[in-house]
Amino acid sequence: MDKGIILKGVGSFYTVCSLNDKREYTLRLRGIFRKEKVTPKVGDIVYFNKEEETIEKIDKRKNELVRPPLANIDNVFIVSAIKNPKVNFLLLDKMIINSLINKIKVHLIFNKIDLSNEKQIEEIKEMYSMYPLFFTSAKEGLNIDSIYPYLKGKTNVFTGVSGVGKSSLLNKLYPNFNLETNSVSKKIQRGKHTTRHSELFYEGDNTFIADTPGFSSLSISGIEKEELWEYFEEFEDFTDCKFSVCSHTNEPGCKVIEAVKNNWINKNRYESYLYLYNALKQEEENRY
Ligand SMILES: Nc1nc2c(ncn2[C@@H]2O[C@H](COP(=O)(O)OP(=O)(O)O)[C@@H](O)[C@H]2O)c(=O)[nH]1
Ligand SMILES: [Mg+2]
Ligand SMILES: [Zn+2]
């Protein structure tokens with residue numbers, strides 16, 4: 031049997047890229063899957079029969095995203111724009127946390143630096159120094175090459191709200207990608223890839239990439255409120271609080287609160303923490 035990765039699914043047909051010869055095969059699921067109610071996802075590693083044109087087996091997933099529906103992702107590149115649209119830090123923090131919960135390596139791209147000033151960039155650097163950071167302009171082709179080494183040999187997903195330049199960046203990185211961007215979609219061009227469905231593209235060197243449509247809201251799930259602080263990596267140095275069980279929201283002698291007051295922890299990041307802590311608390315209360 032051959033081993034491959036699902037690039038896309040249309041109806042009951044799946045396009046699978048063979049990991050041996052890197053060719054694409056259009057396959058159906060073997061009947062047994064329908065009984066077991068297993069739904070393959072883009073990114074699934076599968077074993078297939080070339081002659082029968084069937085998928086025989088799906089490997090256990092290392093992780094799984096619901097929105098967008100993707101499996102086995104190594105890296106996420108969360109794209110924001112410095113301006114037009116301006117950064118929504120709460121949404122960005124939610125995207126970071128959701129990725130970390132799914133054990134996906136986080137990279138942050140701040141695009142449209144042609145519209146930015148130094149002060150904004152410095153502030154962002156201070157907030158997110160714990161992740162690989164890229165400040166790019168797809169329009170002017172700035173700092174784009176530095177992203178390649180992080181993509182190579184991995185399964186990557188580009189995500190972020192719509193209009194920040196995800197498709198523009200991918201077209202710069204891989205000119206044969208030919209993704210539709212905002213400005214050209216208005217002209218109704220044919221033969222462009224639109225990003226309405228989940229789809230992985232093979233870009234050589236064992237590198238797979240998914241562009242995703244934008245979204246504007248997101249809730250975090252899969253963790254308890256008590257675990258939330260672990261996903262704010264810069265809090266780690268300040269959790270030796272007075273009470274051994276501390277929510278870091280209002281307790282006396284809380285080292286996190288002290289660090290925020292002293293600007294050792296960024297205020298915006300702490301505000302995201304408080305907001306998400308309360309959201310998880312609310313969700314917990316609704317559960318009972
Ligand atoms: N000024 C500026 N505009 C950009 C840049 N990158 C993309 N854009 C524009 O932003 C709009 C949205 O880009 P698009 O790639 O479709 O964003 P997506 O929705 O995230 O895929 C388009 O009009 C692009 O031409 C950039 O670096 N600077
Ligand atoms: Mg796009
Ligand atoms: Zn505390």
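So the number in the working numbering is just where the residue sits in the sequence shown, counting from 1, plus 30. Note that the Cβ used here is the ideal one computed from N, Cα and C, for glycine as well. Quantities reported herein were computed from a predicted structural model and do not represent experimental measurements.
**Message:** For F265 and M160, I'd like the C-alpha separation in whole angstroms.
**Reply:** Counting from 1 along the sequence shown, the entry for residue 265 is found at position 235. Counting from 1 along the sequence shown, the entry for residue 160 is found at position 130. Cα to Cα, the separation comes out at about 11 angstroms.
**Asked** Ordered along the chain, which non-local residues of its own chain (more than five positions away) have a Cβ less than 7 angstroms from that of N173?
**Response** Walking along the sequence shown from the start, residue 173 turns up at place 143. Here the set comprises F164, F165 and T166.
**Message:** Which of the three DSSP states is assigned to D241 in this structure?
**Reply:** The residue given as residue 241 occupies position 211 in the sequence shown. D241 falls in the strand class under three-state DSSP.
**Prompt:** Is there contact here, the segment 57-72 with the segment 107-123, by at least three beta-carbon pairs under 8 angstroms?
**Reply:** The answer is no - the segment 107-123 does not touch the segment 57-72, with fewer than three Cβ pairs under 8 angstroms.
**Prompt:** For S302 versus L120, is the C-beta distance shorter than 8 angstroms?
**Reply:** The residue labelled residue 302 in the question sits at position 272 within the sequence shown. The residue labelled residue 120 in the question sits at position 90 within the sequence shown. Contact flag set, yes.
**Message:** Using only the alpha-carbon positions, how far apart do N132 and E94 sit?
**Reply:** As a first step, residue 132 must be located in the sequence shown, where it is residue number 102. As a first step, residue 94 must be located in the sequence shown, where it is residue number 64. Taking the straight line joining both Cα atoms gives about 7 angstroms.
**Prompt:** Does DSSP put N308 in a helix, a strand or coil?
**Reply:** Within the sequence shown, numbered from 1, the residue matching residue 308 stands at position 278. Helix at N308.
**Buried/exposed call for I218, threshold 16 Cβ in 10 Å** = Taking the first residue of the sequence shown as position 1, residue 218 is located at position 188. For I218, the predicted structure reports a pLDDT of 42, less than 50, and the residue's modelled location is therefore unreliable. The matter cannot be settled from this model.
**Message:** Taking 7 angstroms as the cut-off, is the C-beta of V286 nearer than that to any heavy atom in ligand 3?
**Reply:** Along the sequence shown, read from residue 1 onward, the residue named residue 286 stands at position 256. Correct: V286 has its Cβ closer than 7 angstroms to ligand 3.
**Prompt:** Between S247 and the rest of its own chain, which residues show a CB-CB distance below 6 angstroms, the 5 nearest in sequence each way excluded?
**Reply:** Here residue 247 corresponds to residue number 217 of the sequence shown, with the count starting at 1. By the criterion of a C-beta distance shorter than 6 angstroms, S247 is surrounded by no residue of its chain, once the five residues flanking it on both sides are discounted.
**Request:** Report the rounded CA-to-CA distance for R58 versus Y178, giving the unit in angstroms.
**Result:** Along the sequence shown, one-based indexing puts residue 58 at 28. Along the sequence shown, one-based indexing puts residue 178 at 148. Cα to Cα, R58 sits roughly 34 angstroms from Y178.
**Message:** Let me check understanding here. Comparing Cα to Cα, which of I126, I103, D270 and I151 lies closest to K142?
**Reply:** As a working mapping, residue 142 is identified with position 112 in the sequence shown. Looking at the Cα atoms, I151 is the closest of the given residues.
**Item:** Status (buried if at least 16 other CB within 10 Å, exposed otherwise) for G183
**Value:** Start at 1 with the first residue of the sequence shown, and residue 183 comes out as number 153. Under this definition G183 is an exposed residue.
**Item:** Nearest-angstrom Cβ-Cβ length linking K196 and V109, presumed shorter than 8 angstroms
**Value:** Working through the sequence shown from its first residue, we reach residue 196 at position 166. Working through the sequence shown from its first residue, we reach residue 109 at position 79. Contact between K196 and V109 holds: CB atoms are separated by about 5 angstroms, below the 8 angstroms threshold.
**Request:** Could you pull out every residue in the same chain whose Cβ sits closer than 6 angstroms to the Cβ of L49, ignoring the five residues on either side in sequence?
**Result:** Sequence index remark: in the sequence shown, residue 49 carries index 19 (1-based). Contacts found: K33 and G34.
**Item:** Contact set for L200: own chain, Cβ-Cβ below 8 angstroms, skip 5 residues either direction
**Value:** Stepping through the sequence shown from its first residue, residue 200 is reached at position 170. The residues are F188, F207, L209, I239 and D241.
**Prompt:** Cβ of N105 within 8 angstroms of Cβ of Y180?
**Reply:** If you number the sequence shown from 1, residue 105 lands on position 75. If you number the sequence shown from 1, residue 180 lands on position 150. Cβ distance < 8 angstroms, so N105 and Y180 count as in contact.
**Inter-residue CB distance, I36 and D74 (contact presumed, cutoff 8 angstroms)** = Within the sequence shown, the letter at position 6 stands for residue 36. Within the sequence shown, the letter at position 44 stands for residue 74. Yes, they are in contact, since the Cβ atoms of I36 and D74 sit about 5 angstroms apart, within 8 angstroms.
**Request:** Could you check if W294 is buried or exposed, using at least 16 other CB atoms within 10 Å of its CB as the buried criterion?
**Result:** Taking the first residue of the sequence shown as 1, we reach residue 294 at position 264. Note on W294: under 16 other CB atoms within 10 angstroms of its CB, so exposed under the neighbour-count rule.
**Asked** What are the uninterrupted segments assigned as alpha helix (DSSP H) that are 4 or more residues long and contained completely in the segment 90-165, given in chain order?
**Response** 119-131 and 148-157
**Prompt:** Mapping DSSP to helix, strand and coil, what is V191?
**Reply:** Within the sequence shown, the letter at position 161 stands for residue 191. DSSP places V191 in coil when its eight states are reduced to three.
**Item:** Residue of T211, G190 and K202 minimising C-alpha distance to E170
**Value:** Here residue 170 corresponds to residue number 140 of the sequence shown, with the count starting at 1. Among T211, G190 and K202, the Cα nearest to that of E170 is on K202.
**Item:** Simplified DSSP state of K8, which is helix, strand or coil
**Value:** Any property of residue 8 remains undetermined from this structure, which presents the chain solely from 31 to 318.
**Message:** Measuring only the C-alpha atoms, how far is E263 from I134?
**Reply:** Position 233 of the sequence shown, counting from 1, holds the residue named residue 263. Position 104 of the sequence shown, counting from 1, holds the residue named residue 134. Going from the Cα of E263 to the Cα of I134 covers about 15 angstroms.
**Message:** Using only CA atoms, which one of V194, H227, E229 and S228 lies nearest to N212?
**Reply:** Looking up residue 212 in the sequence shown gives position 182. Of the candidates V194, H227, E229 and S228, the one whose C-alpha sits nearest the C-alpha of N212 is V194.
**Range of the contiguous beta strand (DSSP E) that encloses V290** = Sequence index remark: in the sequence shown, residue 290 carries index 260 (1-based). First-last for V290: K285 to K291, but that is the alpha helix (DSSP H), not the beta strand (DSSP E).
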